[in-house]
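Below is one structure, written out as structure tokens; the observations come after it.
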Amino acid sequence: MSKVLFGCLAIAAIIVFIALIGGCAVAGSYNRLVSLQQKVDQSWAQVQNVYQRRADLIPNLVNTVAGAANFEKSTLTEVTNARASVGRVQMTLDPNKAPTDAAKLQEFQQAQGQLSNALSRLLVVSERYPELRATENFQNLQAQLEGTENRISVERGNFNTAVQEYNTAVRIFPTNLFAGVLGFQPRPFFQSQPGAERAPTVNFNFGSPTPAPSAMATATP
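Spelled out as structure tokens, the structure:
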């Protein structure tokens with residue numbers, strides 16, 4: 018009987034040991050996922066910060082450009098409307114928690130992309146106004162905007178790197194066996210926008226009324 022009891026106790030000890038090892042492994046994986054998730058959320062907050070900095074520059078930029086005689090008014094309207102659209106989308110997102118819904122991130126990225134295009138057209142149009150470009154205020158605003166655009170690119174890259182590291186941890190074995198149950202789901206990336214490689218089309222009508230369409234409008238010059 019003593020041998021049987023000893024054998025049972027040995028088996029129980031082995032089971033407890035394996036359970037403890039497994040529990041420690043799960044706890045370690047859980048803590049790592051929490052850490053990586055925090056890193057993703059922190060990167061998202063930085064992305065939001067640099068985008069907000071750009072949004073804060075726009076009203077002053079628009080007011081400065083609007084003072085130029087006969088400036089392309091439709092370009093200013095486009096920038097203003099695009100900024101408002103970005104604001105509406107941002108209200109639906111948590112600034113401190115990265116989106117888990119790819120559609121939400123895509124909506125955010127699309128709105129920001131439209132604003133980027135509108136700003137690009139505004140700066141291209143401004144090339145036709147030497148007196149505007151010569152003003153110190155415009156030069157400062159342009160420099161700040163360009164610096165912010167560079168920072169946006171950097172922070173988006175940092176965000177994608179953090180997401181890639183987190184998603185890899187979520188999907189690898191054996192973490193993938195319990196990650197979903199504990200609420201750790203893969204996060205979406207920023208994606209390249211279709212057509213981002215093409216320069217924006219600029220219409221220089223300089224405040225002139227748009228001519229009515231005619232049969233010749235479709236002819237190739």
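According to the numbering used here, the sequence shown is numbered sequentially starting from 18.
Ideal Cβ positions, reconstructed from N, Cα and C, are used throughout, including at glycine.
Residue Gln156 holds the alpha-carbon nearest to the alpha-carbon of Ser143 among Gln156, Leu132 and Ala179. Within 10 angstroms of the beta-carbon of Glu182 lie fewer than 16 other beta-carbons, which makes it exposed.
Distance from the Cα of Ile75 is smallest, within the candidate group Val64, Glu95 and Ala115, for Glu95. Shortest Cα-Cα distance from Pro112 to any of Gln65, Asp73 and Ala85 involves Gln65. In this structure, Val187 is the residue among Val187, Gln208, Lys121 and Asn154 with its C-alpha nearest to the C-alpha of Leu50. Rounded to the nearest whole angstrom, the C-alpha separation of Asp73 and Phe195 is 43 Å. Here Val79 is near Thr97, since their CB atoms are less than 9 Å apart.
Around Ala135, the same chain offers Glu95, Val96 and Ala99 as residues with beta carbons nearer than 6 Å, after the five sequence neighbours per side are excluded. For Ala115, there is no enclosing alpha helix (DSSP H), as DSSP marks it with neither H nor E. Note that the C-beta distance between Ala115 and Val180 is below 9 Å.
The beta carbons of Val106 and Glu124 sit about 6 Å from each other, so the pair counts as a contact at 8 Å. Cα atoms of Phe201 and Ser91: separation of roughly 46 Å, rounded to the nearest angstrom.
Each of Pro147, Val57, Glu172 and Gly84 was checked against the Cα of Gln69, and the nearest Cα belongs to Glu172.
One alpha carbon belongs to Val57, the other to Gln126, and they sit about 17 Å apart. In this structure, Asn77 places its C-beta atom within 9 Å of the C-beta atom of Leu158.
Its chain contains Val67 as the residues whose beta carbon lies nearer than 6 Å to that of Ile169, once the 5 sequence neighbours on both sides are disregarded; these appear in chain order.
Secondary structure of Ser209 (DSSP, three-state): coil.
Within its own chain, the residues whose Cβ lies closer than 6 Å to the Cβ of Ala119, once the five positions on either side in sequence are excluded, are Pro205, listed in chain order. Closest option to Gln131, judged by alpha-carbon separation, among Arg145, Ala101, Phe176 and Arg150: Ala101. When DSSP states are grouped into helix, strand and coil, Phe176 belongs to the helix group. Per DSSP, Val103 is one residue of the alpha helix (DSSP H) stretching across Lys90 to Gln107.
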